[in-house]
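Q: In our numbering, the protein residues as written are 466 to 648.
All C-beta atoms, glycine included, are put in the ideal place defined by N, C-alpha and C.
Have a look at this one.
Structure follows, in structure tokens:
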């Protein structure tokens, strides 16, 4: 019941939104990081731990290394970059301009760029400073999926600062690019 943990080994890998039916509770939705599962979070024969919060199950832990930041994958740049199927920390290859990103609500992906795609700011892809970014090899970024298919870049960090292009890092509500002074 509510407040209980369930440790189990899935018989199959989930391919979309998932429910878990246990005892007399009926089928309850399974969530991870505040969002419904979209596929691949529960992996066949890999132990998982769920917590029932009274309304739904929360995926607390899995032994699958794809759910943590140890796995490094690769995704090819595209006009619409699909990060839902990318590893949590992936390298983006190719230089095709990125106009949109597919990333489920509440999901986070860290990226390292291997080439120079332009990332286009827009209503559904919100970038620091509200301007397009031309990536360079070694640059890193963190993206989070929000409601209504909006994806926000939380942090963008240049691999190396150049004289004309400072690192692009922004934190909402924070102060940055200030000089310490004791005057």
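Taking the straight line between their C-alpha atoms, what separation do you get for residue 634 and residue 605?
A: For residue 634, the predicted structure reports a pLDDT of 47, less than 50, and the residue's modelled location is therefore unreliable. A value from the coordinates is still provided. If you take the alpha carbons of residue 634 and residue 605, they lie about 10 Å apart.
Q: Pick out whichever of 551, 470, 584 and 516 has its Cα sitting closest to the Cα of residue 561.
A: Comparing Cα-Cα distances from residue 561 to each of 551, 470, 584 and 516, the minimum goes to 584.
Q: Could you spell out where the beta strand (DSSP E) holding residue 610 opens and where it closes?
A: Unbroken beta strand (DSSP E) run through residue 610: 605-610.
Q: Going by beta-carbon coordinates alone, are residue 485 and residue 516 separated by less than 7 Å?
A: No.
Q: Can you list, in chain order, the residues of its chain with a C-beta nearer than 6 Å to that of residue 498? Leave out the 5 residues immediately preceding and following it.
A: The answer, listed in chain order, is 571.
Q: List the whole-angstrom C-beta distance separating residue 580 from residue 558, where the pair is believed to meet the contact cut-off of C-beta under 8 Å.
A: With 8 Å as the limit, residue 580 and residue 558 qualify as a contact, their Cβ atoms being about 6 Å apart.
Q: Could you tell me the alpha carbon to alpha carbon distance between residue 549 and residue 610, rounded to whole angstroms?
A: For residue 549 and residue 610, the distance between alpha carbons rounds to 9 Å.
Q: Alpha carbon to alpha carbon, what distance is there between residue 616 and residue 593?
A: Whole-angstrom Cα-Cα distance: 12 Å.
Q: What separation, rounded to the nearest whole angstrom, lies between the Cα atoms of residue 468 and residue 520?
A: Taking the straight line from one Cα to the other gives about 10 Å.
Q: Please classify residue 489 as buried or exposed, where buried requires at least 16 neighbouring CB atoms within 10 angstroms.
A: The residue is exposed, with fewer than 16 neighbouring Cβ atoms inside 10 Å.
Q: Who are the near neighbours of residue 483 in its chain, counting only those whose CB is closer than 7 Å to its CB and skipping five residues on each side?
A: The residues are 495, 502 and 507.
Q: For residue 578, which residues of its own chain have a beta-carbon under 6 Å away from its beta-carbon, when the five flanking residues on both sides are left out?
A: Only 557, 600 and 604 meet the Cβ criterion.
Q: Using the Cα positions of residue 526 and residue 589, report the straight-line distance between them to the nearest angstrom.
A: Each residue's Cα considered, the two are about 30 Å apart.
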